[in-house]
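Below you'll find the structure, written out as structure tokens, and then a few comments.
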Amino acid sequence: ILNVEQSPQSLHVQEGDSTNFTCSFPSSNFYALHWYRWETAKSPEALFVMTLNGDEKKKGRISATLNTKEGYSYLYIKGSQPEDSATYLCAFNNNDMRFGAGTRLTVKP
Amino acid sequence: DVKVTQSSRYLVKRTGEKVFLECVQDMDHENMFWYRQDPGLGLRLIYFSYDVKMKEKGDIPEGYSVSREKKERFSLILESASTNQTSMYLCASTPLAGGFYEQYFGPGTRLTVT
Numbered sequence: 001i002l003n004v005e006q007s008p009q010s011l012h013v014q015e016g017d018s019t020n021f022t023c024s025f026p027s028s029n030f031y032a033l034h035w036y037r038w039e040t041a042k043s044p045e046a047l048f049v050m051t052l053n054g055d056e057k058k059k060g061r062i063s064a065t066l067n068t069k070e071g072y073s074y075l076y077i078k079g080s081q082p083e084d085s086a087t088y089l090c091a092f093n094n095n096d097m098r099f100g101a102g103t104r105l106t107v108k109p
Numbered sequence: 110d111v112k113v114t115q116s117s118r119y120l121v122k123r124t125g126e127k128v129f130l131e132c133v134q135d136m137d138h139e140n141m142f143w144y145r146q147d148p149g150l151g152l153r154l155i156y157f158s159y160d161v162k163m164k165e166k167g168d169i170p171e172g173y174s175v176s177r178e179k180k181e182r183f184s185l186i187l188e189s190a191s192t193n194q195t196s197m198y199l200c201a202s203t204p205l206a207g208g209f210y211e212q213y214f215g216p217g218t219r220l221t222v223t
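Protein chains in written order, with the working numbering: chain A, 1 to 109; chain B, 110 to 223.
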């Protein structure tokens, strides 16, 4: 089973801080890399699906980059807000979907 | 808006009971999935279905079965619940096969087996 590693496991930041976390995945047979946000008591929601090496995607204050050759993706949040508090999941797809354990972000007002 | 609903948010069952978890999606998606999520682990795939009456085992199918009699509904069945099946269960759907499609998730069912 291919491992997808996310770091850190948890993160506490102050409102207004910018933050980033990492998803590492096997670099062979790459199809796509997904990022999801999972807020407490809600359904996980897709943020990005990335397919090309060097891809950069942005949605509001959140952006992500992808390096398929070295097997990592970064998720950045600029100017964190309390509503950004959630668990951020990445998933690597090479025909099967493999999820990391997530990074739990807490943004303190 | 795609909506994936699950029959219960919280469920408490006794060891040995037969448990049904229901999932319904309203966007005519072909593929449906059942995952479980445990602390410190990523979502693990139990079963998936790419068409009515079709099913494929995921990584951890032991102790589970599934049913897909209608396109919109995918049921997960615990034949004889055990305490190690206490977990959060998530259902998801995608329009077509392939890793390029985002998964649409339900809100999850937290199952406790005592």
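Glycine included, every Cβ here is placed at the ideal spot set by N, Cα and C. A quick note: this is a predicted structure, and the numbers were derived from the prediction, not measured.
Counting only beta-carbon separations shorter than 8 Å, does Gly208/B have a partner in chain A? For the purposes of this step, residue 208/B is taken as residue 99 along the second sequence, with counting starting at 1. Taking CB atoms only, Gly208/B has a neighbour in chain A less than 8 Å away.
Would DSSP call Glu188/B helix, strand or coil? As a position in the second sequence, residue 188/B is number 79, starting the count at 1. Here Glu188/B sits in coil by DSSP.
On a CA-only basis, which of Thr124/B, Lys127/B, Lys179/B is nearest Met136/B? Give me that one, please. Counted from its first residue, the second sequence places residue 136/B at position 27. Just measuring C-alpha positions, the residue of Thr124/B, Lys127/B, Lys179/B sitting nearest Met136/B is Lys179/B.
How would you write the range of the beta strand (DSSP E) that His34/A sits in, first residue to last? If you number the first sequence from 1, residue 34/A lands on position 34. Judged by DSSP secondary structure, His34/A falls within the beta strand (DSSP E) whose first and last residues are 32–38.
Roughly how many angstroms lie between the CA atoms of Val107/A and Gly71/A, to the nearest whole one? Here residue 107/A refers to the residue found at position 107 of the first sequence. Here residue 71/A refers to the residue found at position 71 of the first sequence. Going from the Cα of Val107/A to the Cα of Gly71/A covers about 28 Å.
Whole angstroms is fine: what's the gap from Leu47/A's alpha carbon to Gln194/B's? For the purposes of this step, residue 47/A is taken as the residue at position 47 of the first sequence. For the purposes of this step, residue 194/B is taken as the residue at position 85 of the second sequence. Answer to the nearest angstrom: the Cα atoms are 29 Å apart.
Report, in whole angstroms, the separation of the C-beta atoms of Lys164/B and Tyr156/B, which I expect to be a contact under 8 Å. Taking the second sequence and counting its residues from 1, the one referred to as residue 164/B is at position 55. Taking the second sequence and counting its residues from 1, the one referred to as residue 156/B is at position 47. The pair is a contact, with the Cβ atoms about 6 Å apart (cut-off 8 Å).
Using a Cβ distance threshold of 8 Å, determine whether the region 87–96 of chain A contacts the region 23–43 of chain A, with at least three qualifying pairs required. Cβ pair count under 8 Å is three or more, so yes.
Between Gln146/B and Leu154/B, is the Cβ-Cβ spacing less than 8 Å? Numbered from its first residue, the second sequence carries residue 146/B at position 37. Numbered from its first residue, the second sequence carries residue 154/B at position 45. Not closer than 8 Å, so no.
Would you list the residues sitting across from Thr221/B in a DSSP beta bridge? In the second sequence, the residue the question calls residue 221/B occupies position 112. Note: Thr221/B is bridge-paired with Val121/B in the DSSP secondary-structure output.
Going along chain A in order, which residues have a C-beta closer than 9 Å to the C-beta of Phe183/B? For the purposes of this step, residue 183/B is taken as the residue at position 74 of the second sequence. Neighbours of Phe183/B on chain A: none; closest Cβ ~15 Å, over 9 Å.
Which residues DSSP lists as bridging Ala86/A, in chain order: Stepping through the first sequence from its first residue, residue 86/A is reached at position 86. The partner list for Ala86/A (beta bridge, DSSP) reads Leu105/A.
Proximity of Pro82/A and Glu39/A at Cβ, strictly below 8 Å: As a working note, residue 82/A is residue 82 in the first sequence. As a working note, residue 39/A is residue 39 in the first sequence. Between Pro82/A and Glu39/A, the C-beta spacing is not below 8 Å.
Cβ separation of Leu11/A and Thr19/A, assumed to be a contact under 8 Å, to the nearest whole Å: Counting from one through the first sequence, the residue named residue 11/A turns up at place 11. Counting from one through the first sequence, the residue named residue 19/A turns up at place 19. Correct: roughly 6 Å between the Cβ atoms.
Can you check whether the C-beta of Ser43/A is within less than 8 Å of a C-beta belonging to chain B? For the purposes of this step, residue 43/A is identified with residue 43 of the first sequence, where counting begins at 1. For Ser43/A, the answer is yes, since a Cβ of chain B falls inside 8 Å of its Cβ.
What is the C-beta distance between Ala101/A and Leu150/B, in whole angstroms, given that I count them as a contact (C-beta under 8 Å)? Locating residue 101/A in the first sequence gives position 101, counting from the first residue. Locating residue 150/B in the second sequence gives position 41, counting from the first residue. Yes, Ala101/A and Leu150/B are in contact; Cβ-Cβ is about 6 Å, under 8 Å.
Less than 8 Å between CB atoms is the rule here; does Ala86/A satisfy it with respect to chain B? Taking the first sequence and counting its residues from 1, one reaches residue 86/A at position 86. Cβ-Cβ to chain B under 8 Å: no for Ala86/A.
Measure the Cβ-Cβ separation of Gln115/B and Ser202/B and say whether it is below 8 Å. Walking along the second sequence from the start, residue 115/B turns up at place 6. Walking along the second sequence from the start, residue 202/B turns up at place 93. Judged by beta-carbon spacing, Ser202/B lies beyond the 8 Å limit of Gln115/B, meaning their Cβ atoms are not closer than that value.
Count the other C-beta atoms from every protein chain shown that fall within 10 angstroms of the C-beta of Asp84/A, then say buried if there are 16 or more, exposed otherwise. For the purposes of this step, residue 84/A is taken as residue 84 along the first sequence, with counting starting at 1. By the neighbour-count rule (16 or more Cβ atoms within 10 Å), Asp84/A is buried.
Does DSSP put Gln115/B in a helix, a strand or coil? As a first step, residue 115/B must be located in the second sequence, where it is residue number 6. Reduced to three states, the DSSP call for Gln115/B is strand.
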